[in-house]
Every structure is written in structure tokens, then in C-alpha cells.
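Just so you know, the protein sequences line up as chains A and B, in that order.
Offset between the first sequence (1-based) and the working numbering: plus 37.
Offset between the second sequence (1-based) and the working numbering: plus 2.
Note that CB positions come from ideal geometry on N, CA and C, so glycine has one too.
Written out below as C-alpha cells is the structure these notes cover.
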Amino acid sequence: MDKQLELLQGTLDMMILKAISLGPLHGYGILLRIQQISKDRLEIQQGSLYPALYRLEDQGWIGSAWGESDNKRKAKYYHLTAAGKRRLQSEAEKWNRMTEVIEGILRARPEEV
Amino acid sequence: MRLWKRAGAWFEATLGRARMECEMDAELRFHVEARVEDLVRRGLGREEARRQAHMEFGGVERAKEECRDARGVNFVEGVMQDLRHAFRTLRKSPGFTTVAVLTLALGIAINATMFSLVSAYLMRRPSAHQPERIMVVSSVNPGPVFQPDAYPVSAPNYLAWRAANHVFSEMTAADEYRTVTLTVQGQSTALRGAAVSANYFSLLGVSPEFGRTFSDGEDQAGRDHVAILSHELWVQRFGSDPMVVGRTVRLNRENYAVVGVMPSDFRLLGYTRDLWTPLTLGAEDQAAAARKDRSLRLFGRLKRGATIEEARAELTALGRRAEESFPDNEKGWGVSVRTLPDFLTYNFGIRTALAILMTAVGFVLLIACGNVAGLLLTRAAGRQRELAVRISLGASRLRIVRQMLTEGLVIALLGGAAGLLFAVWGVSLVRAGMTFNEEVSAVPVGLDWNVVLFALGVSVLSAGLCGFVPALKASRTNVNANLKDESRSASAGQSHSRVRKILVTTEIALALFLLVGTGLLIRGIYLLEHQTLGFQVDHLLTASVTLDSARYKDATRQIEFVREVIPHIESIPGVEDVAATSDLPASGPDSVSFSIRGQVEQPSSQPLSTLHGVVSIDYFRTAGIPVLKGRAFTEMDDSKAPKVVVVSQEFVHRHLRDQEPLGKQVRLQASGGTGEWSEIVGVVGDVRTYSEASRYDPEVYEPLLQQALSSFLLMVRTRRDPSSLASDLRNAVGQVDEELPLDRVMSMPAVIDKQKRGDALFVVMMGVFAALALTLAAIGIYALIAYSVGQRTREIGIRMALGAGRGDVLRIVLWEGLKMTGIGAVIGLLPALALPKIFEAVFFDLHLQEPPLYFFVPAVIFVVAMAATYIPAWRATRVDPMAALRYE
């Protein structure tokens, strides 16, 4: 296993939105989904996941409802709201543009400048 | 207070804060346990798995705290927190809370009390359908009368305007002041009736309690012997007889059929009539002579889409047409149009007084708010450290501001609630004083919803006023200075007390302005109360007589009655003189236009105008009006003799330019339209036009023997207490005509009291408000000086230790109070200089120039302020320098 990358500032929200855009998940499920998609290459502070969830809910991008987990226990499931979907889209676009720009800068060769 | 805690807990539970905590707990626990399960599945021991799961998760409590923060405290919760905090801090200082709440309660109570009058008299909608679409059309009297633009209209003008206008879908007329004699089993009483066109009730859109209103054609002669009773009359005189409709009643010696009863809530503002009969207008009402009889109130309902401006424009044009066609009678007269609600409140004549009272109580409230704001500021100064700590611990400044405002709000709402309770008492007190005439006492006054909402609004406003400055100051708390500086810094309170100084100065300015205003009004009303009226008021008994047309058909009969009744009254023991007159002296007689023989005619826009009275032979002697020149009327001045008049001194002065009046001839527009010249045979002393105003106007008197009256007043000069002769007077009149009732039998002083309407009450209320303002301002200055002396104990101690004497200290402190008082007095005095002008503009005939008041009032303020300052100043001189220095 490679050394885990530390999370870039402000990207946790985006990843949470992405994770639950694939289907409702409880908090622990979100953690597992992100780790699974990232192939364990990202390090997420478990404790910081929940404040982020509460903040996103407060802003109206995600909603929550209590349901039953796989092993028949009560768990709080989060889902994406319509506003959340739009938010995810715009965040993703912004991120893509940002990476393009940064990639371009990093690829720049002396003769191009 | 325990109740509050419970209520708070209930709120929290319902607001879901507790539930949120619970859910958060469950959610985090689920996370950790799910992780433990996963780790166990991967082969760790349960204990080890638990340890690792917790380690990975990090601090649970910290996460929770962050979650709470992330979720944000919602608004309602924040308000609840602020409220709880406010209650806690207020409870901790009960003295402060009591003073602040009571101060505001006082201010709000008098505001609510006064507003209950506004609500009752100005905001009540008349009982009519869409009253704002109903226009009241009045004449504009060019003469010097009270409310000249609410003068009634003559029948010819009504008929012409009804036919010619295009703005009203319908018009109706009412003669609202008709005395009607009701005879039941030989007993006659005078009722206040109104004669109205058949469509009067339908135009207003009101229905009877039972029976019906007038139907079309019942205002034609021959069909007009029908009557509608008021609810009160039906109850009082007909014993609530349910079969009253169809019964015959005897009115003015003729039989009328009762067709309906109006409900008790049918009244146009205060004025209720006892009964209504149809107003018949025949051919004689179109004649030129009828133009002088302006007694109709006109109502018109606007056509769909028509506006009041259009109505005004059209009626003004119609009025001008009448002026051109009938210059003899209409010269100078105009037309005014008002909506029904506007007309009623205007005609009631209470608007100005209420506006002034509301301004006064508004000032008192401002001063009260100033005091409470001062108290809050002092407290804020004492809480600097607390606030600094809270800010440094992360409380946002906005939150601090909100909290201070909440504290103000709690005080104000408590004050508002207490104020409303006081107002219940205040309203009943004011109500008890408002009995000076039937119109005023007929309007119910109470704490209705308008008043409650107003009190709430005023409370919130006061909260803003009281809490705003302290809140802003608190939010500017300098964290570092306050946390570092352990010692009591001398400058800490300085900016606070600067703001307080401004507050107190403003209070003094407000109090002074109010005091000058009140002083002017009291002085003005005092002068009116004590002015000489031009006749002898005491030992006069008066009564009004209305001769009905059934028995007294013509002038001869009417004159005969007067000739016959006067000797009967004169024979009552204790009676000195008796007279009959069209108007009681100083009761605002009608005015007429006239011309003087040999003088150039006046331009039509400004005809000569004079007050006009018709009096019997002994009138001047009975009233005690001196005959200055020539003679009074005699038995010889009858209808066969040449016409004569007597004029007042003011008439000679203004209209004859002080030339020899005797022998001059005048032609009055009122004397039957015959155009005869009348010779001036005498000059009498001036009588005030109104007992409640200071003006004298030219007046001309005609002899009753030459100008018959169908409605007049009897005046009896007595040797004894006049009211003791009332029943003798009734009997004497009864000997001449059994069926003729006397109305409004009262002594002249009582008549004058009634004319003054609520002047006395008004003065008392204004006096109370001004005294409150002064007291509150004094408390304000006292509190500030006391506080500042407390703050400066150390400074004073040092000064004294360095050799300052008690006198020096006293001077320093007194000077502080004197400065504020002086500045406040000047600020308040400047706008107060404009007050006489304002009062002259809004009050009918009130001329006030009272320079002494502008010295007297500031002097009072200075004395009171100095007294308020002296107490803390004296205490300052008692400071023991050693104790003061050691105090630290």
C-alpha cells in the first residue's frame, strides 16, 4: 500500500457529495465508499467526517433519514438533495478546470514561456 | 421564575435540541461499532479492535462539538438563549429591573391611555356601507365661525346640486338638528330629531333593527307622517315594545306612524338622534328666501370610478355657479367635500387636542426611554469585563448586540404589559372626565385591539430606543484593554457617561419644550376661563323653546307666544328680568352679510359680514349688556313700525369706522329678503363671539317683534340660584301651552361649561404629562450625576487630599449638572419659540404671547435640575479622602 495522501483543503465536501450521489449511505458507509473508490490512497480523519456532514445538511445540499443498516441496526442515511446535485456538478467543474490549469503550469517547458 | 425554566425546557424539547443530541450520539456510536465489527472481521481481538476504532476516530466530544457548531444554532434557539440569558441577568439585579420596567410602564401606560382615545374617536369607522365612498358636502362660510368649511347647505343649493352633478350615484340630505316634541299621555318632551330624505338610510347602507326605513316618496308632503325611532328611545320611552311598528305617536301635535327602529350601533360617531322623520322639500324651499336657511347636511355616494377630487372639482364649480346666479345670498360662500369618516372626525373637533396629547405622551415616553437607556449604559459599563471575556471566548459581536437588544426588549415588554394594566385604570379615569357633552360620552372608549397592538408596537420601539445605544457601545468593547487592565481605569466609564450626558441633555430639552407648550396652553385656557364675556353670566337661567308649525303657523302666532309667555315668567317670585333671544350671548351666533346705506358696495368676494341676533325687548337688561348710546328696543318696535337695529361697539368701530352710528341705515341679508333698510337706534357693549375664544366680532341685533323666531332661547335673570327655578319656569311656559316642552333647561355657567368641551380635562392631562416629563428628566439627571460621583470617588479623594475644600467639590459636581441643564434648556427653548405660532395655526382663535413663560419654565427646570444634582453633589463632599484612596 502506498503512503496515504493527506486530504486537500476543501475537497472532503466534494467527495462526500460524490459518494452519496451513487446512492444513500450512512456515515461509516461514506467513509468506506471514499476509501474504496480512492483505493485507500486518501487519509480521512474519521472524526472530521461528521462535522462536514452536519455542515452540508445545514446548507441544504444533503438530507438525512434514519434507516436500517445491513446488519439490522438503526443508522442515519444521507442522500443528495437537488441543490446538492447542482453543487456537486459545479464543484466538479471547478475542480477540473483547476487541475487543468495546474497541470498546464506544471507541464510548461522553458521554450514555451 | 421556575415557570420560566419549565417553559424553556419545553421549548427546547419541542425544538428538537435534545433529540439532536441523542441522534448525534447514536450516529457516532454506530460508526465506531461498525468499525469495530469490520476490524474484528479482519481478525483483531474485540478489545484491540475497539481501541483502534476509537483511536482512528479521534476525540468523540470534540467531533460532537464541531458538529453542533457546523449545524449552527438556529435563530429561534438563539433567541431562546438570549431570552433566558436576559431573564437571568435581569433577575440578578432586581432593583435595576424594577426601576427600568416601571419607568417604561409609566410611559407606555399614558401612551396606551391616550391612544385609546385616538382609537375610539378617530379610528372608528362610521356604521355605514363603504363609508369612504360617501362624501359629505358642506358650505364654506366666509364669516368668522368655528369650522367655517363644515357649514350646512341650503335647500335650494341641495336641489340644484343633486340635479346637476355627475359624480354621485345618489345624494341625500339631512337636517340633523330638529327639536321635536313627543307627547305621550299629555306629557311632552323635547327630542333631538333629524329630518332626512327618504333615501338617507339606503344611501348610508344601514338597515333597521326591525321594521323598515323610509321608502320612496315618503319625503313628499302628505305621506311624510312616518317616524323611525332610535334604539335608545324605543327602550326608554316605549318600553322595548316589540309591537311598536305601526303604532301612532304624537309628534309636534300631529300623528306619526312608527315604521322602524334603528339599532343601537347606528350612530355617526358620537352623535345619535332620538328619532328620524322625513325631510320634505316643497316649492317654498326653492325660493330665494330659502337660501338663507342653511341647515342641511348633504351626503353623496360616489359613482363607480369617480374620485373625491372629481367630486370636489364639480361641486366647487356648482358652488361658483350659485354664487354668480344669486350674489345676494351666495357672495363669498364656497363648497367643501370630505369623505364621511374624515368629516365626522373633523366635525367632532377633537383631532387637534388628541394630536397634541399624543405628542406630549410621546415626549414623556422618549424621556422614559432615555432614562432606561442610561441605566442600561451604566450596567454595560459595569459589565465590560464580562463582555470582554465572552468576546475573547469567541462570542461574535453581533451576538452581543443581539443579546443587549434582547435585554432591552424583555424590559420593554414587561413594561408594556405592566403599562397596559395601568392603562386600564388610566382609561377609566379619563373616561370619567369625558362627560362634558353627550356626543363625547356616547362614544365607547376602552382598551381595544388597536390599543393593545399600539402598546406592543410602542414597547418594541422603546426596546429599540433603550437598547440600541448600549448595545452598540457594548459591541465596541475593547477586549485587550478590559482584560489586561485589572485596576479600575478612570477612563473606562468616560465614553459611556458622554453618551449618557447626551441622553440627559436631550431629556432636558424635551421636558423644557413640553413644559413651555403646556404652559402656553394652560395660560391660554386660563385667560379664556377668566376673560370678561361682556355680559353677566351668573344668576341666569336658560331654556330652549321650539315652536312647532302645527300651532304656530306664522310670525304673528310666534310673536304672540313670546308676548304672552314673558309676563308669566316674570311673575315667578325671584325673577328679575326675562328675555327671548335667537342665541345665548357668547354662544357663536350666526353671521349674515349686509350693506350700509350710502357706502360703496363691497366686492362680491368679500361682502361685509356681521354676527346677527334677534332679541326681545328686555334682552340687554336681562343679559347685563350695557347700552352705550341711543336706546334699546321698546314695545313700539313692532312689525308695523319702521325697522330698527341695535349694533355692538365693535360694529361701529369696524364697519362704520367710529363715525356717528345713530341714524345710519343697514340692510341685512337675513331679514326676510325684503331689502328694507333698518335704522341703527342704539349701540351696546361687545360680547365675546364664543365663551371659549377671545374674539369680539361686530354684531347686529334685530327686535323680535319685527323678526319672528320659531326656535329661540329664554333667558331669566334671577335673584336666587337659577337652577332652583327650573320647575317654576316649566310651569310658567305650561300655563301658556301645555304641550310645549322646554329643552336644555340650565344655568348660563353650565351652558358655558358645556361649550368649553373638555378644556379643563385637557389642561389637567397636559399638566400631568408635563409634570411627569419634568420628574423623569430630574430622575435622569440625578442618576447620571450620582453615577458619575461614584465613578469619581477616587479623583475627588485625590483632589481633597491635595487641598480642595468641600465647596470646590460641590462646585465641580454642580457645574457638571448645570452644563447639561444649560445646553438642554437652550436646545429645547429654540423650537419652543415657534410654539405660539403653531398653536395659533391649529387652534381656533388662540393668541398667545407669553414672554414671561420663556424665563419661568427654564427657571423651573434649573431649580429642579439643581435639586437633583445637589443630592449626589453633597454626597461627594462627604468623601473621606483616605477611604477613597484606600478603596482600591
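Notebook entry, point to check: In whole angstroms, what separates the C-alpha of Phe-328/B from that of Ser-713/B?
Noted result: If you number the second sequence from 1, residue 328/B lands on position 326. If you number the second sequence from 1, residue 713/B lands on position 711. Distance between the alpha carbons of Phe-328/B and Ser-713/B: 27 Å.
Next item on the list: Could you tell me which chain A residues have their CB closer than 7 Å to the CB of Glu-818/B, listed as they occur along the chain?
Entry: The residue labelled residue 818/B in the question sits at position 816 within the second sequence. Within chain A, no residue comes near Glu-818/B; the closest Cβ sits about 53 Å away, beyond 7 Å.
Notebook entry, point to check: In chain order, what residues of the same chain lie with their CB nearer than 8 Å to the CB of Asp-39/A, ignoring the 5 residues before and after it?
Noted result: Indexing the first sequence from 1 puts residue 39/A at position 2. Any reading at Asp-39/A must be qualified, since the residue scores a pLDDT of 49, below 50, and its modelled position is unreliable; the value itself is stated next. If we look at Asp-39/A and ignore the five residues flanking it on each side, its Cβ neighbours are Arg-78.
Next item on the list: Count the other CB atoms, across all protein chains shown, that sit within 10 Å of the CB of Glu-43/A; report buried if there are 16 or more and exposed otherwise.
Entry: For the purposes of this step, residue 43/A is taken as the residue at position 6 of the first sequence. Glu-43/A comes out exposed.
Next item on the list: Check whether the Cβ of Gly-47/A lies closer than 8 Å to any Cβ atom in chain B.
Entry: Here the question's residue 47/A lines up with position 10 in the first sequence. No, Gly-47/A does not count as interfacial toward chain B.
Margin query: Between Pro-88/A and chain B, is the shortest Cβ-Cβ distance under 8 Å, so that the two count as touching?
Written below: Start at 1 with the first residue of the first sequence, and residue 88/A comes out as number 51. Closer than 8 Å to some Cβ of chain B, the Cβ of Pro-88/A qualifies, so yes.
Item checked: Residues sharing a beta bridge with Arg-194/B, DSSP -> The residue you call residue 194/B lines up with position 192 of the second sequence. According to DSSP, Arg-194/B bridges with Thr-181/B.
Notebook entry, point to check: In three-state DSSP terms, what is Ile-574/B?
Noted result: Residue 574/B sits at position 572 when you count from the first residue of the second sequence. Note: Ile-574/B maps to coil in three-state DSSP.
Notebook entry, point to check: Do Cys-468/B and Ile-413/B have their C-beta atoms within less than 8 Å of each other?
Noted result: Within the second sequence, the letter at position 466 stands for residue 468/B. Within the second sequence, the letter at position 411 stands for residue 413/B. Yes, the pair counts as a contact, with Cβ atoms nearer than the cut-off.
Check: In chain order, what residues of the same chain have a beta carbon less than 6 Å from the beta carbon of Met-884/B, not counting five sequence neighbours either side?
Finding: Taking the second sequence and counting its residues from 1, the one referred to as residue 884/B is at position 882. Hits under 6 Å: none found.
Item checked: Spatial distance of Ser-491/B from Ala-65/B (CA atoms) -> The residue given as residue 491/B occupies position 489 in the second sequence. The residue given as residue 65/B occupies position 63 in the second sequence. Unreliable positioning characterises Ser-491/B in this predicted model, as indicated by a pLDDT of 46, which lies under 50. The coordinate reading is nonetheless provided below. For Ser-491/B and Ala-65/B, the distance between alpha carbons rounds to 41 Å.
Next item on the list: Evaluate Ser-242/B with the Cβ neighbour count: other Cβ atoms within 10 Å of its Cβ, from every protein chain shown; 16 or more gives buried, anything less gives exposed.
Entry: Walking along the second sequence from the start, residue 242/B turns up at place 240. Looking at its Cβ environment, which holds fewer than 16 other Cβ atoms inside 10 Å, Ser-242/B is exposed.
Next item on the list: Count the other C-beta atoms from every protein chain shown that fall within 10 angstroms of the C-beta of Ser-489/B, then say buried if there are 16 or more, exposed otherwise.
Entry: By one-based count along the second sequence, residue 489/B stands at place 487. At Ser-489/B the pLDDT is 46, less than 50, meaning the model places this residue with poor confidence and gives no usable figure here.
Next item on the list: Find out if the Cβ-Cβ distance for the pair Val-815/B, Ile-787/B is shorter than 8 Å.
Entry: Here residue 815/B refers to the residue found at position 813 of the second sequence. Here residue 787/B refers to the residue found at position 785 of the second sequence. It is a contact, given that the beta carbons lie within the stated cut-off.
Checklist line | Per-residue DSSP class, three states only, for Leu-670/B | finding: Along the second sequence, one-based indexing puts residue 670/B at 668. In the structure shown, Leu-670/B sits in a strand (DSSP, three-state: E or B).
Next item on the list: Return helix, strand or coil for Ser-493/B, following the three-state DSSP convention.
Entry: The count along the second sequence starts at 1 and reaches residue 493/B at position 491. Reliability of the predicted coordinates at Ser-493/B is poor, the pLDDT of 46 falling under 50, and no value is obtained from them.
Next item on the list: Counting only the same chain and skipping the five closest in sequence on each side, list residues whose C-beta sits under 8 Å from that of Glu-94/A.
Entry: Here residue 94/A refers to the residue found at position 57 when the first sequence is read from its first residue. Correct list, in chain order: Gly-100, Ser-101, Tyr-115.
Notebook entry, point to check: Sorted by chain position, which residues of the same chain lie with C-beta nearer than 6 Å to Val-765/B's C-beta, five sequence neighbours on each side aside?
Noted result: As a first step, residue 765/B is located in the second sequence; it is residue number 763 there, counting from the start. Correct list, in chain order: Ile-524, Ile-527.
Next item on the list: Anything in chain B within Cβ reach of Lys-113/A, meaning under 8 Å, just list it in chain order.
Entry: Taking the first sequence and counting its residues from 1, the one referred to as residue 113/A is at position 76. Under the 8 Å cutoff, chain B gives Glu-25, Ala-28, Glu-29, Phe-32.
Check: Does the Cβ of Trp-163/B have 16 or more other Cβ atoms within 10 Å, making it buried, or fewer, making it exposed?
Finding: Walking along the second sequence from the start, residue 163/B turns up at place 161. Per the 10 Å Cβ criterion, buried.
Checklist line | Inter-residue spacing [alpha-carbon to alpha-carbon] between Gly-674/B and Val-155/B | finding: Counting from one through the second sequence, the residue named residue 674/B turns up at place 672. Counting from one through the second sequence, the residue named residue 155/B turns up at place 153. Note that Gly-674/B scores 48 on pLDDT, short of 50, meaning its location in the model is unreliable and no value can be drawn from it.
Notebook entry, point to check: Which residues in chain A sit within 7 Å of Phe-59/B, going by Cβ to Cβ distance?
Noted result: For the purposes of this step, residue 59/B is taken as the residue at position 57 of the second sequence. Here the neighbours are Gln-83, Gly-84.
Note to self: Taking 8 Å as the cut-off, does the stretch 613-630 of chain B touch the stretch 702-719 of chain B (at least 3 CB pairs, one atom from each stretch)?
What the structure shows: yes
Item checked: Sequence ranges, alpha helix (DSSP H) only - wholly within the stretch 268-331 of chain B, length at least 4 -> 310-327
Next item on the list: Grab me the residues of Thr-544/B's own chain with a C-beta within less than 8 Å of its C-beta, minus the 5 sequence neighbours each way, in chain order.
Entry: For the purposes of this step, residue 544/B is identified with residue 542 of the second sequence, where counting begins at 1. So the list reads Leu-586, Leu-715, Leu-716, Met-717, Val-718, Arg-746, Val-747, Met-748, Ser-749, Met-750, Val-753, once near-sequence residues are dropped.
Checklist line | Contact list for Glu-68/B against chain A, beta-carbon separation under 7 Å | finding: Position 66 of the second sequence holds residue 68/B. The contacting residues are Pro-88.
Notebook entry, point to check: Secondary structure at Leu-206/B, three-state DSSP: helix, strand or coil?
Noted result: Walking along the second sequence from the start, residue 206/B turns up at place 204. Helix at Leu-206/B.
Next item on the list: Output the distance between the C-alpha atoms of Ala-51/B and Gln-73/A, rounded to the nearest integer angstrom.
Entry: On the second sequence, position 49 is the one that residue 51/B refers to. On the first sequence, position 36 is the one that residue 73/A refers to. Answer to the nearest angstrom: the Cα atoms are 20 Å apart.
Next item on the list: Just the chain A side, please: which residues come within less than 8 Å of Ala-51/B by C-beta, in chain order?
Entry: Translated into the one-based positions of the second sequence, residue 51/B becomes position 49. Per Cβ cutoff of 8 Å: no residues; Ala-51/B is ~14 Å from chain A at best.
Margin query: Count Cβ pairs between the stretch 397-407 of chain B and the stretch 437-450 of chain B that sit closer than 8 Å; are there 3 or more?
Written below: no
Note to self: Could you check whether the Cβ of Arg-37/B sits closer than 8 Å to any Cβ belonging to chain A?
What the structure shows: In the second sequence, the residue the question calls residue 37/B occupies position 35. Chain A contact via Cβ: present.
Note to self: To be precise: take each residue of the stretch 58-75 of chain A, compare its Cβ to all Cβ atoms of chain B, and keep it if any distance is under 9 Å. Which residues remain?
What the structure shows: His-63, Gly-64, Tyr-65, Gly-66, Leu-68, Leu-69
Margin query: Which residues in chain A have a C-beta closer than 8 Å to the C-beta of Arg-401/B? List them in chain order.
Written below: The residue labelled residue 401/B in the question sits at position 399 within the second sequence. The contacting residues do not exist; Arg-401/B stays about 18 Å from chain A at best.
Check: How would you write the range of the alpha helix (DSSP H) that Glu-842/B sits in, first residue to last?
Finding: As a working note, residue 842/B is residue 840 in the second sequence. Counting along the chain, the alpha helix (DSSP H) containing Glu-842/B begins and ends at 837-844.
Next item on the list: Reducing DSSP to helix, strand and coil, say where His-116/A ends up.
Entry: Counting from 1 along the first sequence, the entry for residue 116/A is found at position 79. Strand.
Margin query: Short of 8 Å Cβ to Cβ, which residues in the stretch 105-136 of chain A face chain B?
Written below: Ser-106, Asn-108, Arg-110, Lys-111, Ala-112, Lys-113
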